[in-house]
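Start counting the sequence shown at 1; every next residue gets the next number (UniProt numbering). Ideal Cβ placement from N, Cα and C applies to all residues, glycine included.
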Amino acid sequence: MSNKNIDRISGRVWKFGDNIDTDVIIPGKYLRTTDMSVFASHVMEGTDPQFSKKVQKGDIIVAGKNFGCGSSREQAPLALKHAGVACIVAESFARIFFRNAINVGLPIIEAKVDCEEGDIIEIDLGKGFVKNKDQSYQGTRLPDFLREILVDGGLVEHRKKKALQ
């Protein structure tokens, strides 16, 4: 994501409900690897065993409340990112998942959006808006410093860039 404008994202929706926990996002039995393709091939397996075969690069997850609850595993947002998920829209995020997503460079936005699976939605992270068809939904705008981390590709890349300045 380095040098990329992440403020505007659009993609096809995959819908999930409330309390999607990190064990559902990437089951614990796959955590012994550092191979991102393994994470990607088992992402969301706990709730939709076929999700990894259906999701495409640029797709967006829209979920309910408390997305990413459970353990603090950083592998959960990594699995989603490496499966091609461009952004996650949820009514709310578990705080640790929220920060882990930013740290690994996975865009997220808190917003309640009325949509159906398969809809194409547009997200403006810079303004905190999500648009579906003719409806716009105000979400929580990410602070500039968090968007800067996302643009740089995550916290490690962001810190490397800052160290060179």
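Contact under 9 Å by Cβ, residue i with residue j
i	j	result
I20	T47	yes
T22	G68	yes
V55	A76	no
Cβ shell of residue i (< 6 Å), same chain only, five flanking positions each side left out
i	result
E157	none
D119	V13, N132
S71	T22
E91	G64, K65, K112
L155	N103, I149
Cutoff 8 Å; reference residue i; Cβ partners in own chain excluding five residues on either side
i	result
Q138	A111, G128, F129
R147	I6, D7, L125, G126
Spatial neighbours of residue i in its chain, beta-carbon cut-off 7 Å, leaving aside the 5 residues before and after
i	result
L150	M1, I6, I102, G105, P107
V24	M44, G46, T47
K161	D152
Whole-angstrom C-beta distance between residue j and residue i, which should lie under 8 Å
i	j	result
I61	I121	Contact flag wrong, Cβ pair sits at about 11 Å.
> Can you list the beta strand (DSSP E) stretches of 3 or more residues lying completely in the segment 55-99, in chain order?
Replying inline: As far as the segment 55-99 is concerned, its whole beta strand (DSSP E) runs of at least 3 residues are 60-63, 87-90.
> Within the chosen definition, does the segment 25-44 reach the segment 98-107 through at least 3 CB pairs nearer than 8 Å?
Replying inline: Counting Cβ pairs under 8 Å, fewer than three are found: no touch.
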